Amino acid sequence: MANQRNLKATLIELLQNKHLLNVAQILEELETQGRSYNKTSVYRALDQLLEENLICKHFFTEAQAAYELREHHHAHLICEKCGKIITAECLYHQPEKVGNFKVNHHHLTLIGICDDCQV
Ligand SMILES: [Zn+2]
Ligand SMILES: [Zn+2]
Ligand SMILES: [Zn+2]
Ligand SMILES: [Zn+2]
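Position one of the sequence shown corresponds to residue 400 (our numbering), numbered consecutively onward.
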């Protein structure tokens, strides 16, 4: 499965440069690079990367899941008017436990109005 391993490395590389990507954008990027993988391989590689805790999957829009590197930790600021997603330092202090729930990881999403939309 050398091909699959290459694909995973390529996906990590893409996400290092582009922050958030959905599957359609990933397929487009791969095509631009002249590497053709089918959708099923890409989904399989993304699932493996998720299992390995290397990437995170977000549902900022109903239509498409977006992926990013798990090591890229920041808050996501989402504009309610234009849908733009901005990143900022995450100021949330993660507790080890909430009640009996053991916390591994968090995503902070702030909803508001971006600079451009504040007219
Ligand atoms: Zn992000
Ligand atoms: Zn995450
Ligand atoms: Zn906006
Ligand atoms: Zn944080």
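Just so it is clear, CB atoms sit at the ideal spot from N, CA and C, and this is done for glycine as well.
Since the model is a prediction, treat every value here as computed from it, not as a measurement.
At the 8 Å Cβ level, is residue i part of the contact set with chain C, yes or no?
i           : result
residue 480 : The structure shown contains no chain C; it holds only a single protein chain.
The beta strand (DSSP E) spanning residue i covers which residue range?
i           : result
residue 476 : 474-478
residue 468 : 465-468
Whole-angstrom Cβ separation of residue i and residue j, contact assumed at under 8 Å?
i           : j           : result
residue 511 : residue 479 : 7 Å
Measure the alpha-carbon distance for residue i versus residue j and round it to whole angstroms.
i           : j           : result
residue 425 : residue 410 : 8 Å
residue 468 : residue 414 : 6 Å
residue 405 : residue 416 : 17 Å
residue 453 : residue 418 : 13 Å
residue 430 : residue 461 : 25 Å
residue 440 : residue 494 : 37 Å
residue 458 : residue 490 : 21 Å
residue 514 : residue 475 : 15 Å
residue 472 : residue 433 : 30 Å
The segment 453-468 / the segment 493-501 touching (three or more Cβ pairs under 8 Å)
Judged by Cβ distances under 8 Å, the segment 453-468 makes no contact with the segment 493-501, as fewer than three pairs qualify.
For ligand 2, which residues count as neighbours when the test is a C-beta closer than 7 Å to any heavy atom?
Those residues, listed in chain order, are 455, 469, 504 and 506.
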